[in-house]
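Q: Going left to right, the sequence shown walks through residues 14 to 1146 as the working numbering numbers them.
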Amino acid sequence: MSALLGEARPGLRDAAAVAEDSSAATARFMLGDWLVDVPTRRLHRGDEVVILEPRPMAVLAELCRHPGEVIGAEALLDACWPGEPLGDNPVHKVIAGLRRALQDSATAPRCIETIRKQGYRLVAPIRVLSEQGPRSLQGGWRDRSPFRGLESFGVEHSAVFFGRDDAVAELHARLAAQWQRGHPLVVLLGPSGSGKTSLVQAGLLPALLLPRALPDAAGQVPLLRACTAGSMELAAVGDMGPWSALAGALLDWDGDGVPLLAGYSIESLARALREQPEEVLRLLRVGLIACRMMGPDDIPVAPPLLVLDRLEALFQSAAQADASAFIDCIGCLVRSRLLLVLAVCRNDFYPSLAAHPALMVDKACGAHMDLAPPGADALAQMIRLPARAAGLVYGTDASGLRRLDDRLCDEALHARDALPMLQYTLQALYLDRAPGNELSWASYDALGGLEGAIGQRAEAVLAALPSARQAAFTHLLPRLVGLTTEDATPTSCWVAAASIANDDERAVLHSLVEARLLVADQSGGAAGFRVAHEALLRRWPRVTAWVAQHRTTLVARGELMPWVRRWVDGGRASALLLPRGTLLWQSVEAVAEAPHLFGGDEQQFVARSHARLKRQVQWRWAVSAGALALALIAASAALRSAHLARVASERESQSRRLASFMLGDLADQLRPIGKLDLLGRIGEQGLQLLSPRDVNDETAADTLQRAKALVVIGEVNSSRGKSRPDIASPALKRARDLLAPLEQASDLDAADFYKTLGASDFWLGQMAFDAGRLDEAAQQMARYREACERWLAARPRDPQARTELSFALGSLGSIELRRGAWGAASRWFQSSLAIKLAVLAEHPDDADAQDAVASARTWAGLLAYIQGEPSKALALFDAARAVQVSLAAQRPNESVRQRDLGTLEVRRAEALQALGRPADALQAWHQSVAWLARATGNDPKNLRWQAERLHAESGLLQARGRAGEAIDSASQSLRHRLSDRADLKTAHEQLWRQALLRVDLAEAESASRARDWPSTLHHSAMAALQLREVIAQRPSHWQGRELQAYSGLLTIGAHAAMGDLNRRTAACALTRDELQPAVDSGQSGLVLEAWLLARACSGPGDISEPELLRLGAGGYRPTAPGLLNLLNRGIQP
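(1) Inspect the beta-carbon positions of R134 and V83 and report whether they are closer than 7 Å.
(2) Here's a check: name, in chain order, each residue in its chain whose Cβ is nearer than 6 Å to the Cβ of G1128, leaving out the five neighbours to either side.
(3) At which residue ranges does the segment 386-434 contain complete alpha helix (DSSP H) runs of 4 or more residues, listed in the order of the chain?
(4) Per DSSP, what kind of secondary structure is R904 in: helix, strand or coil?
(5) Have a look at Q880, A901, S118 and flag the residue whose alpha-carbon is nearest the alpha-carbon of L1099.
(6) Kindly indicate which three-state DSSP category G206 falls into: helix, strand or coil?
(7) From R912 to D861, what distance separates their C-alpha atoms?
(8) Along the chain, where does the beta strand (DSSP E) containing C358 start, and where does it finish?
(9) How would you write the range of the beta strand (DSSP E) that H381 sits in, first residue to last?
(10) Give the range of the alpha helix (DSSP H) segment to which T1064 is assigned.
(11) Where does D179 fall in DSSP's three states?
(12) Whose C-beta lies closer than 7 Å to the C-beta of Q436 among residues of the same chain, with five residues either side of it excluded?
(13) What number of angstroms, rounded off, separates the C-alpha of L1063 from the C-alpha of A1017?
(14) Opposite R58 in the DSSP bridges: which residues?
(15) What number of angstroms, rounded off, separates the C-alpha of L944 from the C-alpha of D859?
(16) Which one or two residues does DSSP pair with S244 in a beta bridge?
(17) Determine the closest residue to A1070 out of R1085, L1030, L1056, E1042, with distance taken between C-alpha atoms.
(18) Find out if the Cβ-Cβ distance for the pair G404, N450 is shorter than 7 Å.
(19) Going along the chain, which residues of its own chain have a beta-carbon closer than 7 Å to the beta-carbon of W841, five neighbours each way excluded?
(20) What are the partner residues of S505, as DSSP defines its beta bridges?
(21) Give me, in chain order, the residues of the same chain whose beta-carbon lies closer than 8 Å to that of D891; leave out the 5 immediate sequence neighbours on both sides.
(22) To the nearest angstrom, how far is the alpha carbon of W154 from that of L439?
(23) How many Å lie between D1093 and A86 at the Cα?
(24) Can you tell me which residues form a DSSP beta bridge with A447?
(25) Pull up the distance between the alpha-carbon of V51 and that of G45, whole angstroms please.
(26) In its own chain, which residues sit with a C-beta less than 6 Å from the C-beta of A1133, not counting the 5 before and 5 after it?
(27) Figure out for me which residue from R625, L355, G465, P138 has the closest Cα to the Cα of L188.
(28) Between the C-alpha atoms of A1151 and S505, what's the straight-line distance to the nearest angstrom?
(29) Among all the DSSP beta bridges, which residues are the ones paired with T127?
(30) Where does W47 sit, in a helix, a strand or coil, going by DSSP?
(31) For D750, name the three-state secondary structure that DSSP assigns.
(32) Q1057 to S412, Cα distance in whole Å?
(33) Let me know the secondary structure DSSP gives G826 once reduced to three states.
(34) With DSSP as the reference, label A655 as helix, strand or coil.
(35) Taking its Cβ as the centre, do 16 or more other Cβ atoms sit within 10 Å of C77, making it buried, or is it exposed?
(36) Within this structure, are the beta carbons of L745 and A713 separated by less than 7 Å?
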C-alpha cells in the first residue's frame, strides 16, 4: 500500500502498476466510500469535500500504507513528527480529528479502529483507480473466488477483471468515435472463448458507467459516458424470441432511478419495436429530457447503452427469419443518435453478419473491432492480480525455486485458446486451495496442468446432455478426431457445418461450443467446428479410451485417406482403386469391424477396390490352375529337411545382402540429394537383421557390408537425421564390434574398411557433440582420426584418405570451438585446411575436394568472426560460397549442399552485420532462409534442417527489426510456429531455444526503435531469462554469449533512455560480469563492445584507445553510437 502514497502524478494507473512499482504510483485512491487525494489533502464523497491539515493527512497516509496492521502511537510519532520529542497526546488528537472528518465512530469503527494499549488499525477497504473504476487491491476480495471458471465476468466482477485495459480503452475509444461520427454502433468480433463478453461486462460497462465523482488526476471526466445500460444475450432468449428480449433490455434502462421508457410491458414494447420503432424513439427522447431536467445543469445527459451479446444466435436457422427485420430495427435505433449500441459476435459468423448492410456501416472507419489474444503482460495480470485481491498466494514446487504463477504464465502464453482453460484451471485451484489460501503446485499437478483440468469439465458437460445427444457425440468423434501419421497421437480434425445433418449432432456441437470445448470457425470460406485445444483429446478419459479402442482402425483410415482423395479428385476411375496389398486387407477388415468410423466415400472406395480384387483373383485362378498343380507336385518332391534348412539359410543370407546393399551402396547415392529418410523405415528391423555377430559361411566382405549398413542406420537415425539415438547408438556400436576383427583381413579393400570404421566413430562423436557431451565427443573423434591415420598409412597416396583425415581434424577443431578454446580450434582448423588444399592442388577438378576446402574455410571464417575479425571472416565465407554455388549449379538436386549454403549465408549475414553493412546482412538472411526452405522441402522429415530453418528465420526477423521494419505479425507467427514444434524442442533444444529468444530480442529491438522502453525491457528480460538456461547448459558457446551481449545492450539503452541511473548502473554491472568469461577467453566483436560499455557505465574505468583499437582491428563496426563516433574521429584500427 505504500506505493499508493508516493509522488502524485497525472492520469490513472492500473492495479498491477500500483502493486508492483512503488516509485511511480498515484497518490489518489478510495478509502471505503471516500476518495482520498493526498497531494491536495482533500477527501471527496459525493458532493462532500473535506480539507485536512498536513499532519492529519500524513497520519492517514501512514495508516493506509499498512492496511489491516496495528500501528503504535510511537511509530506514528516517528513517521509524522520526526525528530520532535512529544508524548502520545498529539497522535490521539489527530486520530479523533480524522474520525470526525471521515464521519467515523470509535465504538463502531468503519475506518479507523483503536486497539487497546497497542495502537490503531485501518479497517476500511482500500481500492486503486483505473479507467474502469475502482479496483480491489491487496485483500479487497476476500472469502470469495476471483476466478470465473468457464463463466463470463460480469459487472459485479469488474474489481477483479485484469489484463484487458488496452482492449477496453480501444473499445471505449471506438464507441466514442462512432458517437462523434453520428452512427453510434460498434461490432466486437472474436473467436469463441476469446473473452468478448467478459471484456464488455466487466471492462467496458464499468468504464462507461463511472460516476461523476471519480474524475482523473487532471480533473477530467471521460469523453463518453452512458447514463444506463441494458444487455441481451441472443443465444439465451429461449421461447420469448429476440423482440421480447430486446424489449426487456430496453425496459432495464433508467436514469437516476426513473425508467426511460415508462408505461410499457415487455409484450407491448416488443410489438411497438416491431411495428412502430419511431414511437419508441419519441418516448425515449422524452425520457432523456426528463433525466436532463432532474440532473445538474452543467452536465449533459449521457446516452443509454444497448449490448447485443452473442449476435451470432440471430443468424442460426431457428432465428434466421426474424434476423433482417430485427437488424433493421436496430439500425433505426442507431440512426436516431439517442443511444449507443454494441454488438458482440463470433467471427466465424462474419459472412452472415456482412449480409446485413446496417451492421457494416463505418467498418472502414473502425466500427468493427477484432479482439486480439492477450499477450504475456496481460496474462500475468489475469493470473496474479485477482489472486492478490482475494488474499491468495501461489505455491512453489518442492525445491521452492519455481512459483506456480510463473508456470501458469508460461503455459498460458504458449497455449491456443488459453483463456477458457486458464480461468477454469484457476477456479479449480481455488476450490482445492491449501491452508493459508495457497493455490498449490501439487493441486495443479493433480489437475493435469493447464490442459488436464479441461478434461474433467468436458466429461461433466457431456454427462449433463440427454442420452440421445451423448450417443450423437460418439458418432461425431470419428470426424472430430484423427491420428497423426508420425506417432499415431490424436489430433483435431475440422468438421464442416454443412456435413452435419442430424439434429442431435448439431445440438451437441453447439452445446460443446457454448461450453468452450469446441471452437466454431471458418476454413476456406466454409463454417465448421474443431476441438478448442488438442489437450482435450489427451486429457479427456472418454476420448482417450475411444482412441485406444479404435487406434488400429484409425491408423488404417489415416493411411487410406490419401488414396480416397486421389480417387475422388480423379473422377472415381477404376484405375485409381486400391491395389492388392496389406493396406487393402487392413481397410476391408477395418470397414467391416467399424463402419461408423468411415464416411460414405471411404466405404465405397474400399468396397469397389475389394470387388475388383475378387474379379482379378478369379481370373488368375482360372488361368493358372494347371501351373499351380505342377508347382504343387514339384514342391512336394522337394520337401526334404536338409534342403529346407539350406533354402532358409540362403534366403536369410540373400535378405541380409539385399539390406546391406540398400543401406550401403544405395545410401551413397541417396545421401547427396538428402533422401536418406527413404531408408528410415528399415530402422529397428534392419538393426535386428544385421546385428548377429556370428553368421555361418559369411565372408569378411559380407561382414564389412553389414557394418556399412549398420552405419547408415546410425546416420539416418542420428541427431542430424530422425533423432532416434535409441536406434542409432546400438547400430553404430555393433558396426564397430563387427569391424574390430577385420582389420588384418587381407581380402578387404582398405579404403572401404577404414572409411566405414571412421564413419562409425564420427557419428557416435557427432551425437555426443549435439547433446553437449564434449568429452565423449572428443574421445570418439580422436578414434575417428586414428582410423583415418591408419588408412593413410595403408594407402599413402589415396586422396580420399587425406581428405577424410582433414575432416577428422576439423571435427576436433569444432569441439574446441564449442569449448571456447580458440587457439586449439585454430590449430586444428589450419591443419585440416592445409591437407584439403594439398589434395585440391593435385585434383583441381574434383568436386569433393572443392567442397572439402569450402567447408574448412567456413570453419576458419567462423573462428575469425568470433575473435573479432569480420573482414577476414567474410573473405573466407565468400570464397566458400563461390565454390558451393558453383557446385550447386552443377548438381541442383543435392539437398545437403542447399542446406550447407543456407548455414553459410547465416555466417555471412553475421559477418556483414559486424562490418556495419545491415542492408547486405538482411539480404544474406533472406538468402539463408530461401536455401534452407529448399533443403527442408526436399527432405521434410529432417528435424535438424527444420530447426536450422526456424533458427535462420528468427535471425532474419532480428535483422528486420534492426532495419526498422514492422515485425509484429511476423514475430507472432514465428513464435506460434516454434511453440507448436515440440518435436524440435525435444530433438534440438539448443537451436529451438536460440530461435525463440531471438524472437524476443527482435521484438525488444522493434520496441526500442519505437521508444517503447517498458516493452523493450520486458522482451529483453524474457530473452535474458532464456539465455541463462542456454548459457548454463553451454557456458562457452560463442553464439549464446553474443546474444547475451545483444540483450545487455538493449537493456542498458532502455534504462538510459528512461533516465533511471540506478537501474542502468545495475544492468551495466550485470552485463559486465556475465560477459567477463567470454572476453577473457578472447571472444571479441559484439561481446567485447558490450563488455567495454558495461564496464564504463558500471563504475570507474574509461574505454582506452588500445581497447578501441582491439575492437576495430578486424573491421568490426560498433553498434553503440558513442564508440562509433570515437572511431570516426580518428582512432582508427
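Using N, Cα and C, we set each Cβ at its ideal position, and we do this for glycine too.
All values reported here derive from a predicted model rather than from experimental measurement.
A: Straight from the coordinates:
(1) yes
(2) P883, S884, L928
(3) 389-402, 417-426
(4) coil
(5) Q880
(6) coil
(7) 16 Å
(8) 353-359
(9) 381-383
(10) 1051-1071
(11) helix
(12) F160, R161, G162, L163
(13) 7 Å
(14) E61
(15) The sequence given here places Trp at residue 944; Leu does not occur at that position. Near 24 Å, if we compare the C-alpha coordinates of D859 and W944.
(16) V320
(17) L1030
(18) yes
(19) L822, G823, L825, G826, E829
(20) V494
(21) R921
(22) 15 Å
(23) 58 Å
(24) E451
(25) 15 Å
(26) L1106
(27) L355
(28) The structure shown does not extend to residue 1151, since the chain is modelled only from 14 to 1146, so the question has no answer here.
(29) Y133
(30) strand
(31) helix
(32) 27 Å
(33) helix
(34) Only weak support is given to the placement of A655: the predicted model assigns it a pLDDT of 46, under 50, and the value that follows is read from those uncertain coordinates. The answer is helix: DSSP assigns A655 an H, G or I state.
(35) buried
(36) no
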